[in-house]
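Since the structure comes first, as structure tokens, the remarks are kept for the end.
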Amino acid sequence: MASDHIIRKLAFPIGLLLIWELLALVIKSQFILPDLTAVLGVLLSPGSDVMGGGSLLDNALISLQRVGLGFLAATCLAVPLGLAMGRFEPVRDALEGTISALRPIPPLAWVPLGLAWLKIGLLSMIFIIGLGAFFPILLSTMHGVQGVKRSWLEAIAMMGADERRLLSRVVLPAAAPEIWTGMRIGFGIAWMCVVAAEMLPGANSGLGNLIMYAYGWGQIQVVVAGMIVIGLIGLGIDRLFLAIERRWFSWREYER
Amino acid sequence: MMLALKGIGKDFDQEDGGKVRVLDGISLEVEDDQIVAILGPSGCGKTTLLRIIAGLDPASRGEVLLDGLRVERPSPRVGMIFQEHALLPWCSIIDNVCIGLEMRGVAREEAKEKAMLYLHMVGLEKVPDQRPHELSGGMRQRASVARALTMEPALLLMDEPFSALDPLTRKQIQEDILGIQEKAGKSIVMVTHSVDEALFLSTEIVVLSARPGRICRTMNIDLKRPREREGPGFLENKKEILSLLEGLARPLPERG
Amino acid sequence: MSCCRRVSKDFKVNRLISMAIAMRTLSILSLLVLTVASAATALDEPAPTDQGPARIELVYCKGQSLLPMLLATNQIDGYVAWQPCLAIAEEGGIGKVVAYSQDFPPMGTWKNHPCCVLVASGPLLREDPERVSCLAALIMISTNWVNDNPQEAVEISREWLMGDRNYSLGSTSLPSQQVFLRSFSTFRFSSQPNQEWVRSCHSLISSMTDLLNTTEGLQARRLNLSSFYDLHAYGRAEEAVNKTRRFILSPRERRIRMGYLMIDHQAPLFVAIRRWKQFQEGYGIALRPQNEEMKRPELFDLLVGGVKVAEVELVATATGQSIMVLMEQDCLDMGLVGITPALGAISLGCDAKIIMPMQNEGSGLVLAADSPARDWPGFIELAKARSGQGRPLKIADPDLGTIADVLFQSALRESGIVGVRAG
Numbered sequence: 001m002a003s004d005h006i007i008r009k010l011a012f013p014i015g016l017l018l019i020w021e022l023l024a025l026v027i028k029s030q031f032i033l034p035d036l037t038a039v040l041g042v043l044l045s046p047g048s049d050v051m052g053g054g055s056l057l058d059n060a061l062i063s064l065q066r067v068g069l070g071f072l073a074a075t076c077l078a079v080p081l082g083l084a085m086g087r088f089e090p091v092r093d094a095l096e097g098t099i100s101a102l103r104p105i106p107p108l109a110w111v112p113l114g115l116a117w118l119k120i121g122l123l124s125m126i127f128i129i130g131l132g133a134f135f136p137i138l139l140s141t142m143h144g145v146q147g148v149k150r151s152w153l154e155a156i157a158m159m160g161a162d163e164r165r166l167l168s169r170v171v172l173p174a175a176a177p178e179i180w181t182g183m184r185i186g187f188g189i190a191w192m193c194v195v196a197a198e199m200l201p202g203a204n205s206g207l208g209n210l211i212m213y214a215y216g217w218g219q220i221q222v223v224v225a226g227m228i229v230i231g232l233i234g235l236g237i238d239r240l241f242l243a244i245e246r247r248w249f250s251w252r253e254y255e256r
Numbered sequence: 257m258m259l260a261l262k263g264i265g266k267d268f269d270q271e272d273g274g275k276v277r278v279l280d281g282i283s284l285e286v287e288d289d290q291i292v293a294i295l296g297p298s299g300c301g302k303t304t305l306l307r308i309i310a311g312l313d314p315a316s317r318g319e320v321l322l323d324g325l326r327v328e329r330p331s332p333r334v335g336m337i338f339q340e341h342a343l344l345p346w347c348s349i350i351d352n353v354c355i356g357l358e359m360r361g362v363a364r365e366e367a368k369e370k371a372m373l374y375l376h377m378v379g380l381e382k383v384p385d386q387r388p389h390e391l392s393g394g395m396r397q398r399a400s401v402a403r404a405l406t407m408e409p410a411l412l413l414m415d416e417p418f419s420a421l422d423p424l425t426r427k428q429i430q431e432d433i434l435g436i437q438e439k440a441g442k443s444i445v446m447v448t449h450s451v452d453e454a455l456f457l458s459t460e461i462v463v464l465s466a467r468p469g470r471i472c473r474t475m476n477i478d479l480k481r482p483r484e485r486e487g488p489g490f491l492e493n494k495k496e497i498l499s500l501l502e503g504l505a506r507p508l509p510e511r512g
Numbered sequence: 513m514s515c516c517r518r519v520s521k522d523f524k525v526n527r528l529i530s531m532a533i534a535m536r537t538l539s540i541l542s543l544l545v546l547t548v549a550s551a552a553t554a555l556d557e558p559a560p561t562d563q564g565p566a567r568i569e570l571v572y573c574k575g576q577s578l579l580p581m582l583l584a585t586n587q588i589d590g591y592v593a594w595q596p597c598l599a600i601a602e603e604g605g606i607g608k609v610v611a612y613s614q615d616f617p618p619m620g621t622w623k624n625h626p627c628c629v630l631v632a633s634g635p636l637l638r639e640d641p642e643r644v645s646c647l648a649a650l651i652m653i654s655t656n657w658v659n660d661n662p663q664e665a666v667e668i669s670r671e672w673l674m675g676d677r678n679y680s681l682g683s684t685s686l687p688s689q690q691v692f693l694r695s696f697s698t699f700r701f702s703s704q705p706n707q708e709w710v711r712s713c714h715s716l717i718s719s720m721t722d723l724l725n726t727t728e729g730l731q732a733r734r735l736n737l738s739s740f741y742d743l744h745a746y747g748r749a750e751e752a753v754n755k756t757r758r759f760i761l762s763p764r765e766r767r768i769r770m771g772y773l774m775i776d777h778q779a780p781l782f783v784a785i786r787r788w789k790q791f792q793e794g795y796g797i798a799l800r801p802q803n804e805e806m807k808r809p810e811l812f813d814l815l816v817g818g819v820k821v822a823e824v825e826l827v828a829t830a831t832g833q834s835i836m837v838l839m840e841q842d843c844l845d846m847g848l849v850g851i852t853p854a855l856g857a858i859s860l861g862c863d864a865k866i867i868m869p870m871q872n873e874g875s876g877l878v879l880a881a882d883s884p885a886r887d888w889p890g891f892i893e894l895a896k897a898r899s900g901q902g903r904p905l906k907i908a909d910p911d912l913g914t915i916a917d918v919l920f921q922s923a924l925r926e927s928g929i930v931g932v933r934a935g
């Protein structure tokens, strides 16, 4: 039943909120656990300035802008490279070692170099965020391309398709669901990177920055509200990716 | 149309560095309006031979000539129907059928018209906008026939096209193929495991020996159409072929 | 085996074509990335305006560590900071101080302005005001000693903060001795909350109210301006130091956790630690390290008249704000902090009070060594000129709400310049 389903989905979150309020009452310190009403107060007036640090809304938009650009840059580089690596073995052999070596380095470890090379500003941010999104997208693309069914390629080749046509008509659409999944994961990582990068020197705005700033003034309810906003945005965008996946790539289920 | 195989041989590289000879000295001629069925024990290279004719794999020795021109790569001159339908799952049926024409540069409307013609021929005019996974196995194979026919190839190749279908559907589609072949006047070279099918459809049966595959026997089938599957001529031929195949399946006696 | 091998192996010509296509696609996409990048850089730059008030760009850096490097690499035109960051620029030859904070406009308002102060949490003040006074007395004694023995104080500070190390600016090494000598000469130590000091506090409070929208906080709590500080402990400390009255301490020992900052403004604390024997003999109050072997001890016995009255734990933190937050979270009881974090936190509801001044002045504005401006009016002229050209000056700032920032921003306002946040 639909209502049963809704109850099940909401029960746990509501339970958490109740426990929160109870704990806040017990702890009685706004600096250790702010109460629900304080946090809600911040959330319900997202346009009001926080101690000169900008409003929740403004900072959220700035963070979104950063993550959007970084993600775009990462996709533009990772998809074609993944295509090349998936399709042509010499390319894969040449690059795989280097990529595997670079992948484990957390994007935030690149911040000092990023600041040194690209100076303080949007570009260094995009670099860090792009790094975060780059590897999942690259690997998913490569994997998706490698997994394209041979019979599809042969069937279309029989109709006189050259390599270019095969790429656009078969390889890309066949690999698309996996590329999309890679993009979804990549975006999640990029979003985490943006918030973390904003907490480091070099950023003057954004949700991460706002959180650290509010903490400096002991405004923990702003910190919590900021965290909730970060979580909700991440959730929303993830759901968006999934919705599009359901719409465009439902054929994938029948091919397993 | 004239397909000529001249001394086709094929070797595969083994893991330990040696070569295994899969086909040896296959020579054959196929003319207009013929249906040639290739039979033989498992592993005799039937599918390999078909793929060489299609241009998907290169021959190690000999050549394939289609109307005097060498076949070295897949081309729209030859159409192929695969064992698993190999329809693109993200395209609708009509898009699948049109794809060859579109790649050739034919305008969309024109291509669609032509595709509908052939869909009509295979009895799928009612489902052009559905996706492959929404159709039954038999319908999918029909669609792949329509796709191959739309390119109007000189020659149709079929690789065990109906083995994945249930017996009733298989019978029905065999009859349909016969009808289409008569209407369209194409030549067909098909690989099958089913002696019944070969006898029902073909004008000539080629039996290959076990590895390395050599032409063991060619038989002209002059039975009048429509052929009765229980008729005397039918059963006689069937007996002959079956005993031949049995003999081939047994290991060769030691050379004295 | 993937199909690509099977199908494209025969397409030798196609292989070349496909590589060419790949190259072409890659270059198109690199162009795309570059476009995105330049769009990003363009978005970064504030739009040039010819109308409206002149602007400068403020780059907040979450601390002072990056500032000299940014100036040296020409990413900024200058920075505001507190010592020793100003001395580093001068010593390294990369910048010059065009104005110290006490000279920021409006003229005279900031003379002797507070910088570092001693704060104590509300609970501790209510429970044990005498012990607070003890520590205040110790700091007072130490502050006077620093004023009487500046050279030694410099050396003690240097040793505490830097040990054997020198400051490095890229590949140049700056001897910390020189830096500290220069730095010390630009500020004053004083534990007297005189009229000037009090007036400065009030001016700071109204500046901060403007800058940081803390009006709500102030109004909501109907805070009296004098509720920011409690000078009772100061009075007691003065009495004890002048030997007009002794401390009356409850016998129960307690632990007092005090936060401090690793800057030379807090020299009195380091002196009190390193010269504890001298203070013991001379004044009867001392902070004896429990473990003398440690380079920077953390646990101490507070001795009054030879008797241990408290255990003191010293915690070094990165910013004054962290100390205030830690006090709010009941992790610290006292602290040596900058005045603006203290004022800000208290106005937002932190249960703490400013006890006593310790050090005044000591911030300033540094511009690049070759900058045409030589003083504040020159700086303003330069700022206006550059703003008019659409290339506003880039001034870095340690953090919003620090003493240097508050003074700088209110001085900018006074001079008719708008500070715009970059990035």
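Residue numbers (this note's numbering), protein chains in the order written: chain W, 1 to 256; chain Z, 257 to 512; chain A, 513 to 935. Glycine is no exception: its CB is placed at the ideal position from the N, C-alpha and C atoms. Remember, it's a predicted structure, so these values are computed and weren't measured experimentally.
Candidates the options: closest to residue i by CA position
i: W:Ile260; options: W:Val194, W:Leu23 and W:Arg103; result: Past the edges of chain W, shown from 1 to 256, lies residue 260 of chain W, and the structure says nothing about it.
i: A:Ile866; options: A:Asn661, A:Ser613 and A:Phe740; result: A:Phe740
i: Z:Lys302; options: Z:Ala466, Z:Thr406 and Z:Met475; result: Z:Ala466
Buried versus exposed, by CB contacts within 10 Å (16 or more), residue i
i: W:Ala60; result: buried
i: A:Thr774; result: First, the amino acid is wrong: residue 774 of chain A is Met here, not Thr. So A:Met774 ends up on the exposed side.
i: Z:Lys266; result: buried
i: A:Glu603; result: buried
i: A:Pro904; result: buried
i: W:Pro106; result: exposed
i: A:Pro580; result: buried
i: W:Phe187; result: buried
i: Z:Glu453; result: buried
i: A:Thr655; result: buried
C-alpha distance - residue i paired with residue j, whole-angstrom precision
i: W:Leu69; j: Z:Val362; result: 39 Å
i: A:Cys516; j: Z:Leu325; result: Confidence in A:Cys516 is poor, its pLDDT being 40 and thus under 50, which makes the residue's placement too unreliable to answer from.
i: W:Ala196; j: A:Met839; result: 26 Å
i: A:Leu743; j: A:Glu708; result: 15 Å
i: A:Ala732; j: A:Gly675; result: For A:Ala732, the predicted model reports a pLDDT of 43, less than 50, meaning its position is unreliable and no value from the coordinates is stated.
i: A:Met870; j: A:Arg766; result: 24 Å
i: Z:Pro384; j: W:Leu242; result: 28 Å
i: A:Asp845; j: A:Arg769; result: 5 Å
i: A:Ser712; j: A:Leu815; result: 34 Å
Where residue i meets chain W, residues with beta-carbon distance less than 7 Å
i: Z:Ala402; result: Residues of chain W passing the Cβ test: none, with the nearest at roughly 13 Å.
Residue-chain proximity (residue i, chain W), Cβ-Cβ < 7 Å
i: Z:His389; result: yes
i: A:Arg933; result: yes
i: A:Lys574; result: yes
i: A:Ala857; result: yes
i: Z:Pro417; result: no
Neighbour flag for residue i against chain A, beta carbons, 7 Å
i: W:Trp110; result: no
i: W:Gly132; result: no
i: W:Trp217; result: yes
i: W:Pro201; result: yes
Cutoff 7 Å: residue i Cβ touching any chain Z Cβ
i: W:Trp152; result: yes
i: W:Gly160; result: yes
i: W:Pro90; result: no
Chain A contact residues for residue i, given Cβ-Cβ distances below 9 Å
i: W:Ser168; result: Simply none; closest approach about 10 Å.
Chain-ordered neighbours of residue i on chain W, where CB pairs are closer than 8 Å
i: Z:Ala342; result: Lys149, Ser151, Trp152, Glu154 and Ala155
Amino acids of chain A, ordered along the chain, whose beta-carbon sits closer than 8 Å to that of residue i
i: W:Ile189; result: By Cβ distance, chain A contributes nothing, its closest Cβ being about 19 Å from W:Ile189, past 8 Å.
Proximal chain Z residues relative to residue i, where beta-carbon distance stays under 9 Å
i: W:Glu255; result: Pro345 and His389
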